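Everything below concerns the one structure shown next.
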Amino acid sequence: MTERVLMAHLHENIETLKRIGELGVRLAIDDFGTGYSSLAYLRRLPIDKLKIDRGFLRELASNSGDAMIVETIAAMARGLGLQVAAEGVESEAQLRRLLAAGCVEWQGHHFSPPLEATAFERLARGERAAAAG
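Structure below.
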């Protein structure tokens, strides 16, 4: 769920997310840091993960402000007992910075372009060359 959608009807969404979580579904806030959420609500939300928006990764290696935001989100997530993921990883340099910040879940073209389901199955089975083509 994106931050904007979550905050649009916060109280109703919290109750709905609690019921969904009781079913065993794990929940994440996508595009974290780009919306208008209140940090005070993070401790009340029934979520498992924060997903850092790709906008903070584009200049991660060269922009100290973006690097500080990523490091802060990762530290805050860990401090709240949440997992942290990053979207839009495009380079080895970005991956190294994320690892140093404690972010161990990622997605992006550095690993694979978007794939059809059958190509993803081949990739997941370790058939990397077959999956790419």
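Letter by letter, the sequence shown follows residues -11 to 121 of our numbering. Backbone N, C-alpha and C define an ideal beta-carbon position, used for all residues, glycine too. Quick caveat: nothing in here was measured; it's all calculated off a predicted structure.
Residue span of the beta strand (DSSP E) that contains residue i, given as start and end
| i | result |
| --- | --- |
| Leu38 | 37 to 40 |
| Ala89 | Element bounds for Ala89: n/a, residue is neither H nor E. |
Reduced DSSP secondary structure (H/G/I, E/B, other) of residue i
| i | result |
| --- | --- |
| Ala81 | helix |
| Phe99 | coil |
| Glu75 | strand |
| Ala16 | strand |
| Ala119 | Interpretation of Ala119 is limited by its pLDDT of 46, a score under 50 that renders its predicted location unreliable; the figure taken from the coordinates is listed afterwards. Correct three-state label for Ala119: helix. |
| Thr22 | coil |
Inter-residue Cα distance where the pair is residue i and residue j
| i | j | result |
| --- | --- | --- |
| His(-3) | Pro102 | 31 angstroms |
| Leu83 | Ala16 | 20 angstroms |
| Arg(-8) | Leu5 | 15 angstroms |
| Glu93 | Phe99 | 12 angstroms |
| Arg113 | Thr106 | 11 angstroms |
Cβ distance (whole Å) where residue i is taken to contact residue j below 8 angstroms
| i | j | result |
| --- | --- | --- |
| Gly43 | Thr22 | 6 angstroms |
| Leu70 | Asp36 | 6 angstroms |
Extent of the continuous alpha helix (DSSP H) to which residue i belongs
| i | result |
| --- | --- |
| Ala63 | 52 to 67 |
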